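Enquirer: This is the structure I want to talk about, given as structure tokens.
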Amino acid sequence: HICDLALHDEKYCLKLNLQCLVVIDQKLEFRFRLWLLLLYGTLEVATVDEFIFNTTATFIRQNSMGAFLDKPKTDKNNDQGVAHGTRYAVASMQGWRIDMEDAHVVEISMSSEPPFLNWSFYAVFDGHAGNKAAQHSAENLLKTLLATSQFAQDNERSGTTAICAIVTPSHIVLANLGDSRAVLARKDQAAFGTEDHKPFLPKERDRIVNAGGSVMIQRVNGSLAVSRALGDFEYKAVPGLDATKQLVSPEPDIYTIVRDPKVDEFLLLACDGVYDVMENAEICSFVESRLLVTSDLSSVANQVLDACLSKGSRDNMTIILVCFDAAPKVDQEAVKKEEGWKQKIFERVQEILEDHGKQSHLDAEFIMRELGGEVTQACPAGVSIHAARSFIDSILAECEAKNEKIHSASSSPGRT
């Protein structure tokens, strides 16, 4: 019966993974996820969370966490600018999720008073069980979230991760809470990345167990996927324990890095919707390849999100890109190779559209499957097939606009 519910209208599911069966208050809790195996990777097509099987043999949907849309929302929210000798861009996308629970903040100057006048603040918040905690954090973190009595007293179950950066003329200060992450790309050196706060890590597991909780299916009490967060007050109510000793801690890890203008290339702040499908080295390589062909940082940020969507990310996605003096510059040879590659993609997409009669249901996922390995082999060095996702979307959008124009013209009354 659970399978029937999960597989409704899902035609291409090839694998069912029953992740967990947990006894809770004499009820059985099932969680499983469905994955589509594609030529270019895996795509999560359905998640069924917290179905409760009770004594009357009925199934009750407890909440919508993990619920997905029939098709992703790929519209981007963008911002870009210049801050004290650095350039930055922000991109966010709802993706497959029913709601957008991410939030972000950019403050070019933290204050009008020195030394904060030349200090910039960037942050990404990845909310869960609602967007209230993420939005509140984005609006109030610089005003000191923990001092906001209204939020502390609110009976709110939502929570949020946080990854924050303060960029001063001499240092980069990072504060990490949860599984959003900061990555600093440095020339001829391995990228630096903050450590995610996951319940299965020994130091996190010890705190959870000492507070009377447990770690099941790599989650706090089998439910929450992060071990540190803002909000999530239901996990912070053990009597007699300090805030940092609770099942879920609000204590961030702080990293202070001395800036090196000859080495520091760019800083990335992003939620786990990005890092679920891209490792640190991979995303740095991807961004470097994009910076070689465009100086438009919003375009670079958008292409990262599109590539992650192509690689199978089913989550909301937000990324902040901050470029320093040593960031890669546009290289005309790389631009030429990119244009040649895009021309091959354009020609093949046109062939696919012609073969299928330019049917309106054709989408980027279908085109990517049809392209397969032939375009991958033609990729410029350091570029993956997933970098084509944004370009394919633009081709399909242009084709759709032309079809609508033709349809509109044909349906208009004839001239007399």
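Numbering (the UniProt record's numbering), first residue to last: 1 to 416.
The beta-carbon is built from N, C-alpha and C at its ideal position, and this holds for glycine as well.
Fair warning: this is a prediction, and the values are worked out from it, not measured in the lab.
What residue range does the beta strand (DSSP E) around N176 cover?
Expert: H171 to L177
Enquirer: Is the Cβ-Cβ distance between A91 and V304 less than 9 Å?
Expert: yes
Enquirer: Going by beta carbon distance, what residues of the same chain come within less than 6 Å of C399, once the five residues before and after it are set aside?
Expert: none
Enquirer: Just the Cα atoms here: how many angstroms apart are Y122 and A281?
Expert: Those two C-alpha atoms are separated by around 22 Å.
Enquirer: Counting Cβ pairs closer than 8 Å, one from the region 292-302 and one from the region 195-204, do we hit at least three?
Expert: no
Enquirer: Using alpha carbons as the reference points, say which of A364, V383 and E370 lies closest to L396.
Expert: A364
Enquirer: Going by DSSP, what residues sit across from F68 in a beta bridge?
Expert: Bridge partners of F68 according to DSSP: R97.
Enquirer: Along the beta strand (DSSP E) that carries A270, what are the first and last residues, could you check?
Expert: D264 to A270
Enquirer: Could you tell me whether the region 96-104 touches the region 67-87, using the rule of 3 or more Cβ pairs below 8 Å?
Expert: yes
Enquirer: Given that a residue counts as buried once 16 or more other Cβ atoms are within 10 Å of its Cβ, and exposed if not, what is I283?
Expert: buried
Enquirer: Kindly examine the ligand MN and report whether one of its heavy atoms sits closer than 8 Å to the Cβ of G240.
Expert: The model depicted lacks the ligand MN and carries no ligand whatsoever.
Enquirer: Please name the residue in Y235, V274 and L141 whose C-alpha comes closest to that of D179.
Expert: Considering only alpha carbons, the answer is V274.
Enquirer: Using 8 Å as the threshold, is the region 167-177 in touch with the region 257-271, meaning 3 or more CB pairs across them?
Expert: yes
Enquirer: So what does DSSP say about L7, is it helix, strand or coil?
Expert: Low confidence applies to L7: its pLDDT is 41, below 50, so where it sits in the model is not reliable, and the reading given next is rough at best. Note: L7 maps to coil in three-state DSSP.
Enquirer: Please state the DSSP three-state secondary structure of L309.
Expert: If DSSP states are grouped into helix, strand and coil, L309 belongs with the helices.
Enquirer: Looking at C-alpha atoms only, which residue of G212, C271 and H171 is the closest neighbour of residue 420?
Expert: Given that the chain is displayed from residue 1 to residue 416, the structure contains no residue 420 and the question cannot be resolved.
Enquirer: Could you check what DSSP says for M368 in three-state terms: helix, strand or coil?
Expert: Of the three classes helix, strand and coil, the one that applies to M368 here is helix, per DSSP.
Enquirer: Which whole-angstrom value is the C-beta distance of H197 and L177, which I expect to be below 8 Å?
Expert: 7 Å
Enquirer: Count the other CB atoms, across all protein chains shown, that sit within 10 Å of the CB of K311; report buried if there are 16 or more and exposed otherwise.
Expert: Result: buried.
Enquirer: Pull the bridge partners of R228 from the DSSP assignment, please.
Expert: S249
Enquirer: Whole angstroms are fine: how far does the CA of K245 sit from the CA of E251?
Expert: About 9 Å.
Enquirer: Grouping DSSP H, G and I as helix and E and B as strand, with all else coil, what is residue 477?
Expert: No answer is possible for residue 477: the residues shown for the chain start at 1 and end at 416.
Enquirer: Is the region 340-352 touching the region 98-118 in the sense that three or more CB pairs, one from each, lie closer than 8 Å?
Expert: Result no; under three Cβ-Cβ pairs closer than 8 Å.
Enquirer: Hey, V277 and C308 are a contact pair by Cβ (cut 8 Å); roughly how many whole angstroms apart?
Expert: 5 Å
Enquirer: Among V215, E354, Q332 and R157, which has the Cα closest to the Cα of P199?
Expert: V215
Enquirer: So, using beta-carbon positions, are V248 and R228 closer together than 9 Å?
Expert: R228 sits close to V248, with the two beta carbons spaced by under 9 Å.
Enquirer: Based on the DSSP output, what are the partners of F192 in its beta bridges?
Expert: L184
Enquirer: Mind checking which residues open and close the alpha helix (DSSP H) that includes S289?
Expert: First-last of the alpha helix (DSSP H) with S289: N280 to L291.
Enquirer: What separation, rounded to the nearest whole angstrom, lies between the Cα atoms of E279 and T74?
Expert: 22 Å
Enquirer: Over the uninterrupted beta strand (DSSP E) stretch that includes I217, give me the two end residues.
Expert: Annotation for I217: no beta strand (DSSP E) segment contains it, and DSSP assigns it neither H nor E.
Enquirer: Which of the three DSSP states is assigned to C164 in this structure?
Expert: C164 falls in the strand class under three-state DSSP.
Enquirer: Output needed for L224: all residues of its chain with C-beta closer than 7 Å, excluding positions within five of it in sequence on either side, in chain order.
Expert: D232, Y235 and V248
Enquirer: Looking at the strands, I want to know which residues DSSP matches up with R348.
Expert: Checking the DSSP bridge columns, you'll see R348 has no partner listed.
Enquirer: For I254 and A387, what's the separation of their Cα atoms in angstroms?
Expert: 33 Å
Enquirer: May I have the straight-line CA-CA distance separating R87 from A185, to the nearest angstrom?
Expert: 15 Å
Enquirer: Below 8 Å CB to CB, which residues in the same chain sit around I257 once its five sequence neighbours on both sides are set aside?
Expert: H171, I172, V173, L174, L184 and F192
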